[in-house]
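One structure below.
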Amino acid sequence: MNITQIPEGFALYKEKDEIGRCALTPTPKGGTFGAFCILPQWRRKGYGSYLLKEALRALGGYDREQATVFTAPLPTDPGEAAFWAKFEFQPEGTQLVRRRTPDLTAVRFVQDFLAARLTAPRLCIDATCG
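Here the sequence shown is numbered in the numbering used here, starting from 125 and rising by one per residue.
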């Protein structure tokens with residue numbers, strides 16, 4: 125399998141044949157999905173999940189340090205709704221929305237706590253990471 129970025133978004137190839145495509149427009153904090161399709165003979169075999177996961181990854185959808193928002197059109201059938209829900213897309217008004225907030229680690233918590241309480245300029249040695 126090979127995913128290629130195209131002007132409209134991404135295309136999924138199996139060997140030399142295009143078997144899927146998704147339209148994806150980048151936004152400042154994520155992206156907006158348009159059409160998303162996998163050829164009928166390749167459906168329910170994980171190719172759609174692979175294409176969506178890689179498209180999300182390409183625009184920072186799995187970045188632990190960055191907040192992202194992705195949108196997609198509302199699904200037309202229950203199977204399609206289950207597919208999008210698997211990737212944390214939830215209905216909001218007239219579209220599906222996937223919001224991801226940065227993970228709060230213990231190190232990040234301590235750094236933010238100290239930064240909020242220490243007045244500048246002071247010398248700090250950060251020993252929270254070992």
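Note that beta-carbon positions come from the ideal geometry of N, C-alpha and C, so glycine has one too.
Owing to the predicted nature of the structure, the values given are computational and were not obtained by experimental measurement.
Are the beta-carbon atoms of T192 and L220 separated by less than 9 Å?
No. Outside cutoff.
Return the CA-CA distance between T243 and V234, expressed in angstroms with no decimal places.
Approximately 15 Å, taken between the alpha carbons.
Is D78 helix, strand or coil by DSSP?
The chain is shown only over 125 to 254; residue 78 falls outside these bounds and no answer can be derived.
Would you mind working out which of R168, Q165, T200, F157 sits nearest A179, comparing C-alpha positions?
Of the candidates R168, Q165, T200, F157, the one whose C-alpha sits nearest the C-alpha of A179 is F157.
Buried or exposed by the 16-neighbour rule on C-beta atoms within 10 Å, applied to G133:
Buried, since its Cβ has 16 or more Cβ neighbours within 10 Å.
E204 by DSSP, collapsed to three states: which one?
E204 falls in the helix class under three-state DSSP.
Could you tell me which residues DSSP pairs with E132 in its beta bridges?
Per DSSP, none; premise fails for E132.
Rounded Cβ spacing between L175 and L136 (contact assumed at less than 8 Å):
Under the criterion of beta carbons closer than 8 Å, L175 and L136 qualify as touching, at roughly 5 Å.
Since R188 and D227 should fall inside the 8 Å C-beta cutoff, what is the C-beta to C-beta distance between them, to a whole number of angstroms?
Cβ-Cβ separation between R188 and D227: approximately 5 Å, consistent with a contact (criterion under 8 Å).
Endpoints, beta strand (DSSP E) assigned at L220
Segment 219-224, the beta strand (DSSP E) holding L220.
What distance in whole Å lies between the Cβ atoms of G144 and G172, which are believed to be in contact at a cut-off of 8 Å?
With 8 Å as the limit, G172 and G144 qualify as a contact, their Cβ atoms being about 7 Å apart.
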